Ligand SMILES: Nc1ncnc2c1ncn2[C@@H]1O[C@H](COP(=O)(O)OP(=O)(O)OP(=O)(O)O)[C@@H](O)[C@H]1O
Ligand SMILES: [Mg+2]
């Protein structure tokens, strides 16, 4: 389980997180929504130990990662996979090398096995073998996103963080990716945190939904509970998206 | 007055803090060369990029520098009737000063700015964070190989600069202006002492580390966005040039 307690963080005097309290149950998928600039990406990076909070605690399986340093933190990071909002593909490596990277670094698999697994993951995100030898800057935005997704999934980590996994994808591909996230979730049973605006699609994969607003979590619940949540901010956000989709 | 002193004190403190920070960055980078995984391929790749790919520009600048030294030296020495000292004048200027300094400045212009841009882009596109989450230390994967490559390449490039420069001086002094070939080299052999060569080597090692350190540091801690990276790149070129010249003075005063 991941537990955030009163996490605050400012950048240049601007308070982005202002006392975030959130519990992410183990083995479940939690969706975080909120306006652009609300601090969702910053929140994910806190969970992954990439940013330290100004105050507050982030407890993962009973262990406060804000207090961890050096090797301890490094060990902890091995349990995470993260899909960055911008993909964060290594631009000096080909698609194949990018997806193979975590296996090469974290495991001692044979070259043959690595080839097989990379191909498998790329198949899952509908990328044909020709793409393997391309470099990231030769790909479209949506393709980059899918390569990054394959790279995150191939690590089969205990905790997977997805920062807007479907933004920029067409509707069929969006469904494919959401389907993939829930399918791999069934297989690996990771604890997932997904940042996404794709309402209502994302509700289908969510066990729990939380809304970040003005630096705090203002609503948490199952997708059904969130849809019936009385707070107008939550309602406007959900329906604003739905109106937009219907228009 | 008190306000001024306070400002001054604050400035000094910030400066020292900055120096401390850069020093820790350097020590961490170098330390990581001695702990597994060793990343030989990454180091080779950087030696290729920083060293090998700078060799053409070093050849060019070295030959012109040597030729100018031959020309200038010849006319100056001729006034005192000591053209035969041309060889030693050219060699000493190159080995002690111009070789290390010009090599460092050229490598910094060619590779230093590119390193800052590369590392800076890795920072703003979160590639460094991605390495981190894959339990790969970005300092070890990205920075350490570059520092080592600077340490290896710049002294070698400097040696090349010296040799080519001496040949350039030979081309102008001996082949065009008619100084005797024997005098050119024997004067050189007599006047260049080990201290000169050691001094040159020490300088090239310090400069090599310095320019790559500045380039890596500026990239690693770049500001946000494309603007941040372009600012960092400019700062790299300016800062390394100033630091190379400042350290040149310091080291020269040691090796006099
Ligand atoms: N490293 C940083 N330095 C300074 N400010 C930052 C930094 N990272 C984020 N911020 C600021 O924090 C705020 C939240 O950013 P964040 O990227 O978390 O938003 P977001 O909720 O993910 O938005 P989006 O949906 O557009 O991705 C923004 O105002 C941003 O400017
Ligand atoms: Mg974001």
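Chains as they are written, first to last, in the numbering used here: chain A, 1 to 247; chain B, 248 to 503.
For glycine and all other residues, C-beta sits at the position ideal for the given N, C-alpha and C.
Being a predicted model, the structure only gives us computed values, none of them experimental.
Distance check for residue j and residue i, CA to CA, integer angstroms please.
i             : j             : result
residue 96/A  : residue 271/B : 35 angstroms
residue 10/A  : residue 51/A  : 11 angstroms
residue 189/B : residue 392/B : Coverage of chain B is limited to positions 248 through 503, which leaves residue 189/B absent and any answer about it impossible.
residue 337/B : residue 303/B : 21 angstroms
residue 394/B : residue 452/B : 11 angstroms
residue 6/A   : residue 55/A  : 7 angstroms
residue 310/B : residue 414/B : 7 angstroms
residue 47/A  : residue 399/B : 40 angstroms
residue 185/A : residue 23/A  : 19 angstroms
residue 292/B : residue 176/A : 39 angstroms
residue 215/A : residue 81/A  : 24 angstroms
residue 21/A  : residue 183/A : 29 angstroms
residue 170/A : residue 142/A : 8 angstroms
residue 164/A : residue 409/B : 55 angstroms
residue 243/A : residue 234/A : Any answer about residue 243/A is weak, because its pLDDT of 46 lies below 50 and its placement is not dependable; what the coordinates show is given next. Cα to Cα, the separation comes out at about 14 angstroms.
residue 248/B : residue 255/B : 10 angstroms
residue 137/A : residue 473/B : 16 angstroms
residue 335/B : residue 494/B : 25 angstroms
residue 37/A  : residue 231/A : 20 angstroms
residue 205/A : residue 154/A : 20 angstroms
Can you tell which of the options has its C-alpha closest to the C-alpha of residue i?
i             : options                    : result
residue 160/A : 28/A, 217/A, 106/A, 4/A    : 28/A
residue 361/B : 260/B, 481/B, 333/B        : 481/B
residue 139/A : 86/A, 103/A, 25/A, 181/A   : 86/A
residue 401/B : 353/B, 488/B, 418/B        : 353/B
residue 162/A : 172/A, 178/A, 170/A        : 178/A
residue 152/A : 381/B, 395/B, 394/B, 404/B : 381/B
residue 129/A : 103/A, 94/A, 141/A         : 94/A
residue 15/A  : 189/A, 23/A, 53/A          : 53/A
residue 58/A  : 71/A, 76/A, 70/A           : 76/A
residue 389/B : 261/B, 258/B, 265/B, 277/B : 277/B
residue 147/A : 131/A, 64/A, 26/A          : 131/A
residue 236/A : 203/A, 204/A, 18/A, 34/A   : 34/A
residue 189/A : 180/A, 195/A, 219/A        : 180/A
residue 281/B : 306/B, 326/B, 263/B, 386/B : 386/B
residue 356/B : 501/B, 378/B, 485/B, 498/B : 485/B
In the DSSP output, what is residue i paired with across the bridge?
i            : result
residue 32/A : 195/A, 210/A
residue 15/A : 10/A
residue 57/A : 5/A
residue 81/A : 160/A
residue 22/A : 4/A
residue 64/A : 59/A
Say yes only if the C-beta of residue i is nearer than 7 angstroms to one or more non-hydrogen atoms of ligand 3, and no if none qualify.
i            : result
residue 38/A : This structure does not include ligand 3; its bound ligands are ligand 1 and ligand 2.
(message) Which complete alpha helix (DSSP H) runs does the segment 335 to 366 of chain B hold, if anything under 4 residues is left out?
(response) 346 to 354
(request) Output the residue ranges of the alpha helix (DSSP H) runs that lie fully inside the segment 199 to 236 of chain A and measure 4 residues or longer, sorted by chain position. (result) 223 to 227
(request) Please list the segments of the alpha helix (DSSP H) lying wholly inside the segment 279 to 321 of chain B, counting only runs of 4 or more residues, in order along the chain. (result) 287 to 293
(request) Would you mind listing the alpha helix (DSSP H) stretches within the segment 433 to 498 of chain B that are 4+ residues and don't spill past its ends, in chain order? (result) 441 to 467
(request) Can you check the segment 106 to 132 of chain A for any alpha helix (DSSP H) of at least 4 residues that lies completely inside it and give the ranges in chain order? (result) 111 to 124
(request) Pull out every residue of the segment 208 to 232 of chain A whose Cβ sits closer than 8 angstroms to any Cβ of chain B, in chain order. (result) none
(request) Could you name the residues of the segment 138 to 160 of chain A whose beta carbon sits closer than 8 angstroms to any beta carbon of chain B, in the order they occur along the chain? (result) 155
(request) Check distances from the C-beta atoms of the segment 95 to 121 of chain A to those of chain B and list, in chain order, the residues that come in under 9 angstroms. (result) 101, 102, 105, 106
(request) Mind checking the segment 28 to 49 of chain A against chain B and listing, in chain order, the residues whose C-beta falls within less than 9 angstroms of any C-beta there? (result) 45, 48, 49
(request) Could you run through the segment 361 to 376 of chain B and flag, in chain order, every residue whose CB is less than 7 angstroms away from some CB of chain A? (result) 372, 373, 374, 376
(request) With 7 angstroms as the C-beta to C-beta threshold (strictly closer), list the residues of the segment 60 to 80 of chain A near chain B in chain order. (result) 74, 77, 78, 80
(request) Check each residue of the segment 379 to 390 of chain B: if its Cβ is closer than 8 angstroms to any Cβ of chain A, include it; give the result in chain order. (result) 379, 380, 381, 382, 383, 384
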